[in-house]
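Chains as they are written, first to last, in this note's numbering: chain A, 165 to 430; chain B, 88 to 405.
The next block holds one structure in the form of structure tokens; read it before the comments.
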Amino acid sequence: MKIMVAVKQVAALDEDFEIGEDGRDVSEDFLIRDLNEWDDFSLEEAVKIKEASAQAVEVIAVTVAPESADEALRKCLAKGADRALRVWDESAQGSDSIAIARILAAVAKAESVDLVFAGVQSSDHSFASTGIATGALLGWPHAAVVSALDYSPGSKSAVFRRELEGGLLHEVEIQCPAVLTIQLGINTPRYASLRSIKQAAAKPIEVKTLSDLSLGKGDVGASGSHSRVRRMYIPDKSRAELIEGDPAQQAQRLAQIIREFKGDAA
Amino acid sequence: MSGVLVIAEQRRGELRPVSLELIGAAESLRRDGDSVAVALLAPSPGTLIEPLKLAGVDEIVAVKVAASEFDPDTFESAVSALIAERKPDVVLVAHSVDSFGFAAALAAKLGLGFATDVFKVERQDGELVATRGGYGQKVNVEVDFPGRTTVLLALRGNVFKPPEQRGSPLVTEFSAPPVSSRSTGREFVELAATDDVDMTAAEFILTIGRGIGEEAKVAQFKELADAIGATLGCSRPIADAGWLPKSRQVGQSGKTASACKLYIAMGVSGAIQHLAGMKHVATIVAVNSDAEASIFGVAKYGIVGDIFEISEELRRCF
Chain A
165 MKIMVAVKQV AALDEDFEIG EDGRDVSEDF LIRDLNEWDD FSLEEAVKIK EASAQAVEVI
225 AVTVAPESAD EALRKCLAKG ADRALRVWDE SAQGSDSIAI ARILAAVAKA ESVDLVFAGV
285 QSSDHSFAST GIATGALLGW PHAAVVSALD YSPGSKSAVF RRELEGGLLH EVEIQCPAVL
345 TIQLGINTPR YASLRSIKQA AAKPIEVKTL SDLSLGKGDV GASGSHSRVR RMYIPDKSRA
405 ELIEGDPAQQ AQRLAQIIRE FKGDAA
Chain B
88 MSGVLVIAEQ RRGELRPVSL ELIGAAESLR RDGDSVAVAL LAPSPGTLIE PLKLAGVDEI
148 VAVKVAASEF DPDTFESAVS ALIAERKPDV VLVAHSVDSF GFAAALAAKL GLGFATDVFK
208 VERQDGELVA TRGGYGQKVN VEVDFPGRTT VLLALRGNVF KPPEQRGSPL VTEFSAPPVS
268 SRSTGREFVE LAATDDVDMT AAEFILTIGR GIGEEAKVAQ FKELADAIGA TLGCSRPIAD
328 AGWLPKSRQV GQSGKTASAC KLYIAMGVSG AIQHLAGMKH VATIVAVNSD AEASIFGVAK
388 YGIVGDIFEI SEELRRCF
């Protein structure tokens, strides 16, 4: 059986970033790329299932991105993915989470996978949508914010807990194949060993185009997206009142705030 | 109808307060001739609709469904049917764990305009424009929805104000189409209290985040918390790493620190879920070495500095 893990190379911002000339995104130069934190957990969950299984399980890491995301895929290979697959076409530039989901659903179909994991959200744009939209486009059952999972390859259902607000968990049984979005903390992601990093560097990254997946340019990018970025800007921050001084002075002011609070509370 | 359809949320027989905030947002989007309808999906919706009778609501739609708790298939099917019948131009849901499970699916299947975690929404020259955060809330992003007749927005909690006045809306019933759901809810489980702390009752919390760097440092902050009379809490990564029990985690998915009035966050950068869970606190003091950390955006006081130096100096004051 096959488990597909949808991953994303996210971007964090450099300290002094600038918005690009078109006013719709941060200039490329100020983006620091890494594998999305959530994806570490969903990959680990898939690898754990593979390792615990008597039958053969293949874990495929899939991303929709240009070549620069290969680094993130290599990280997945080093941490236990069997294969890494990247889909890209220039027309996919500017795709929102649903347009990306359309591509991921096509990959899941083409690869005849049995289960799809995605992170609950990405740390950069936090739509919390890609995985669930992928489930809908596949016509599969789906569930979000899975923080514990019990699944054996080949079984027709999985039991999981979804993590609700306020420290509450909800146990649910779901029919498989399914798409699950995985929450931080569901497991302890492993570190890649030097040896596995070296091996990953030698493994191929499979590249697919839209036409390989029977998708057209209209399915992705602006025309395939359900929202359009009009403008990106740096907000006027409501900033904290900064407590200045050396550490001792700062701590004294903080102590004063604490004492005032206790005085009020008493 | 042209207008706004609000999908209220209930859990375990209680209306979730964010539902009322959605009504406030709906009211702000109303144009002449628009109606605002609030749909509540539940096995016996009638028992929960009273608090939804707020000024600005024209109609409350009681949608009787078989599932007692949130279930994606139930919600997608019922809300699809509602949208097909009512043809709203805006559908509002909460940016909540339940909505994470169905909103994107609905948008993908029905071709709805779609944005999540929206904290501002308005009409500009007749066009709906939603604002959300980007790059870990360091920028604001305005999105619109060209060519979409219906737009589904998931709104951030604790941002929009519920209407204060009561109203007397029409109450109607809607028969949701039968659905054979592919998931079955079982039981709810409270986060295990692994030590005797009750974060929900704590008025003064000192929280540690990733900035503490290693597990060995937890003890000195525990000692500091005791010395200053605070309850020690932590952000998600600390609990996930097992450095402190999950029962000490605060933020949206951790225990609701509902009684907290003074909150000192040390080495907590301020992930959106953490900030959302602590926004109600009157006095937040953030200590962080990164002057750009998001938490300074919600804190009342900020100290840009080394959390170890500050905490050692603070310890000397008590």
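For each residue, glycine too, the CB sits at the ideal point set by N, CA and C.
Model, not experiment: these values are computed from the prediction.
For residue i, go through chain B and note every residue whose CB falls closer than 9 Å to its CB, in chain order.
i: residue 398 (chain A); result: 225, 226, 227
i: residue 139 (chain A); result: Beyond the ends of chain A as shown, which are 165 and 430, falls residue 139 (chain A); an answer cannot be given.
i: residue 235 (chain A); result: What residue 235 (chain A) touches in chain B: nothing, since even the nearest Cβ is about 19 Å away.
i: residue 271 (chain A); result: Within chain B, no residue comes near residue 271 (chain A); the closest Cβ sits about 16 Å away, beyond 9 Å.
i: residue 309 (chain A); result: 184, 187, 188, 340
Quick one: list the residues of chain A neighbouring residue i, beta-carbon separation under 7 Å, in chain order.
i: residue 269 (chain B); result: 305, 338, 339
i: residue 404 (chain B); result: 415, 416, 419
i: residue 339 (chain B); result: 329
i: residue 359 (chain B); result: 290
i: residue 327 (chain B); result: 348, 349
The beta strand (DSSP E) spanning residue i covers which residue range?
i: residue 320 (chain B); result: 318 to 321
i: residue 311 (chain B); result: Segment 305 to 315 is the alpha helix (DSSP H) holding residue 311 (chain B); no beta strand (DSSP E) there.
i: residue 94 (chain B); result: 90 to 94
i: residue 173 (chain A); result: 173 to 177
i: residue 149 (chain B); result: 146 to 151
i: residue 170 (chain A); result: 166 to 170
i: residue 390 (chain B); result: 388 to 391
i: residue 373 (chain B); result: 370 to 375
i: residue 259 (chain B); result: 257 to 262
i: residue 283 (chain A); result: 279 to 283
i: residue 121 (chain B); result: Note, residue 121 (chain B): premise wrong, no beta strand (DSSP E); not H, not E.
i: residue 322 (chain A); result: 321 to 327
i: residue 315 (chain A); result: No beta strand (DSSP E) contains residue 315 (chain A), which DSSP labels as neither H nor E.
i: residue 241 (chain B); result: 238 to 242
i: residue 245 (chain B); result: No beta strand (DSSP E) contains residue 245 (chain B), which DSSP labels as neither H nor E.
i: residue 380 (chain B); result: Neither: residue 380 (chain B) is in no beta strand (DSSP E) and is coded neither H nor E.
i: residue 231 (chain B); result: 226 to 231
i: residue 351 (chain B); result: 349 to 353
Over the uninterrupted alpha helix (DSSP H) stretch that includes residue i, give me the two end residues.
i: residue 397 (chain B); result: 394 to 403
i: residue 105 (chain B); result: 105 to 116
i: residue 363 (chain B); result: 359 to 365
i: residue 298 (chain A); result: 294 to 302
Which bits of chain B does residue i rub up against, with CB to CB less than 7 Å?
i: residue 177 (chain A); result: 222, 225
i: residue 213 (chain A); result: Within chain B, no residue comes near residue 213 (chain A); the closest Cβ sits about 19 Å away, beyond 7 Å.
i: residue 299 (chain A); result: 192
Residues of chain B with a CB under 8 Å from the CB of residue i: which are they?
i: residue 326 (chain A); result: 184, 188
i: residue 333 (chain A); result: 275, 276, 277, 278
i: residue 401 (chain A); result: 383, 384
Quick one: list the residues of chain A neighbouring residue i, beta-carbon separation under 8 Å, in chain order.
i: residue 216 (chain B); result: 394
Which chain A residues sit within Cβ distance under 9 Å of residue i?
i: residue 235 (chain B); result: 390, 391
Every unbroken beta strand (DSSP E) within the region 165 to 224 of chain B, with a cutoff of 3 residues, ordered by chain: Residue ranges of uninterrupted beta strand (DSSP E) with 3 or more members, entirely inside the region 165 to 224 of chain B and ordered along the chain, are 177 to 181, 200 to 205, 207 to 211, 214 to 221.
Residues, ordered as in the chain, of the region 411 to 430 of chain A that lie near chain B by beta-carbon distance below 7 Å: Those residues of the region 411 to 430 of chain A that come within reach of chain B (Cβ to Cβ, closer than 7 Å) are 411, 412, 414, 415, 416, 418, 419, 421, 422, 425, 426, 429.
For the region 202 to 214 of chain B against the region 298 to 308 of chain A, do three or more pairs of beta-carbon atoms, one drawn from each stretch, fall closer than 8 Å, so that the two count as touching? Result no; under three Cβ-Cβ pairs closer than 8 Å.
Say whether the region 259 to 271 of chain B touches the region 359 to 371 of chain B, bearing in mind that this needs 3 or more beta-carbon pairs closer than 8 Å, one atom from each stretch. In short, these stretches do not touch, since the Cβ pair count stays below three.
Within the region 334 to 415 of chain A, ranges of the alpha helix (DSSP H) (whole runs, at least 4 residues): Correct list: 358 to 366, 385 to 388.
Using a Cβ-Cβ cutoff of 7 Å, what residues of the region 285 to 296 of chain A are near chain B? List them in chain order. Cβ contacts with chain B: 287, 288, 289, 290, 291, 292, 293, 296.
So does the region 318 to 326 of chain A actually touch the region 372 to 384 of chain A, counting three or more Cβ pairs closer than 8 Å? No, they do not touch.
Near-chain A residues of the region 290 to 322 of chain B (beta-carbon distance less than 7 Å), N- to C-terminal order: Under the 7 Å Cβ criterion, the region 290 to 322 of chain B contributes 290, 291, 315, 316.
What ranges does the beta strand (DSSP E) occupy inside the region 200 to 261 of chain A, keeping only unbroken runs of at least 3 residues that lie completely in it? Fully enclosed beta strand (DSSP E) runs of 3 or longer: 222 to 228, 247 to 251.
Taking only beta carbons into account, state which residues of the region 378 to 397 of chain B come closer than 9 Å to chain A, listed in chain order. For the region 378 to 397 of chain B, residues whose beta-carbon sits nearer than 9 Å to a beta-carbon of chain A comprise 378, 379, 382, 383, 384, 385, 386, 387, 388, 389, 390, 391, 392, 393, 396, 397.
Does the pairing of the region 169 to 179 of chain A with the region 279 to 288 of chain A give three or more beta-carbon distances under 8 Å? A contact exists between the region 169 to 179 of chain A and the region 279 to 288 of chain A.
At a CB distance below 7 Å, what residues from the region 193 to 208 of chain B approach chain A? Give them in sequence order. Going along the region 193 to 208 of chain B in chain order, one finds 194, 195, 196, 199, 200, 201, 202, 203, 204 with a Cβ nearer than 7 Å to chain A.
For a minimum of 3 consecutive residues, which ranges assigned as the beta strand (DSSP E) are wholly contained in the region 269 to 296 of chain B? DSSP runs (the beta strand (DSSP E)) wholly in the region 269 to 296 of chain B: 270 to 277, 291 to 295.
Does the pairing of the region 156 to 171 of chain B with the region 222 to 235 of chain B give three or more beta-carbon distances under 8 Å? Touching, no, given that fewer than three Cβ pairs across the two stretches are closer than 8 Å.
Selection of the region 111 to 133 of chain B by Cβ proximity to chain A, strictly under 8 Å: Within the region 111 to 133 of chain B, no residue has a Cβ that lies closer than 8 Å to any Cβ of chain A.
Between the region 198 to 209 of chain A and the region 405 to 422 of chain A, can you find at least three pairs of beta-carbon atoms closer than 8 Å? Result no; under three Cβ-Cβ pairs closer than 8 Å.
I want to know whether the region 372 to 386 of chain B touches the region 241 to 252 of chain B - three or more CB-CB distances under 8 Å. Counting Cβ pairs under 8 Å, fewer than three are found: no touch.
Residues in the region 255 to 266 of chain A having any Cβ partner in chain B nearer than 9 Å: When CB distances to chain B are screened at a threshold of 9 Å, the residues of the region 255 to 266 of chain A falling below it are 260, 261, 262, 265, 266, in chain order.
Output, in sequence order along the chain, the residues in the region 144 to 173 of chain B whose CB is closer than 9 Å to any CB in chain A. Listed in sequence order: 156, 157, 158, 159, 160, 163.
Report yes or no: do three or more beta-carbon pairs, one from the region 348 to 361 of chain B and one from the region 294 to 303 of chain B, lie closer than 8 Å? With the cut-off at 8 Å, the region 348 to 361 of chain B and the region 294 to 303 of chain B touch.
Counting Cβ pairs closer than 8 Å, one from the region 298 to 313 of chain B and one from the region 249 to 259 of chain B, do we hit at least three? For the pair of segments examined, the region 298 to 313 of chain B was found not to touch the region 249 to 259 of chain B: the number of CB pairs separated by less than 8 Å stays below three.
At least 3 beta-carbon pairs within less than 8 Å: the region 207 to 215 of chain A vs the region 346 to 364 of chain A: Segments in contact, yes.
Members of the region 183 to 203 of chain A near chain B, C-beta cut-off 8 Å: Per Cβ criterion, the list reads 183, 190.
Is the number of C-beta pairs between the region 383 to 392 of chain A and the region 256 to 270 of chain A that are closer than 8 Å three or more? With the cut-off at 8 Å, the region 383 to 392 of chain A and the region 256 to 270 of chain A touch.
Is the region 122 to 130 of chain B close to the region 90 to 101 of chain B, with three or more CB pairs under 8 Å? Taking one beta carbon from each stretch, the region 122 to 130 of chain B and the region 90 to 101 of chain B have 3 or more pairs nearer than 8 Å; the two touch.
Would the region 315 to 322 of chain B count as touching the region 336 to 345 of chain B if we require 3 or more Cβ pairs under 8 Å? With the rule of 3 Cβ pairs closer than 8 Å, the region 315 to 322 of chain B counts as touching the region 336 to 345 of chain B.
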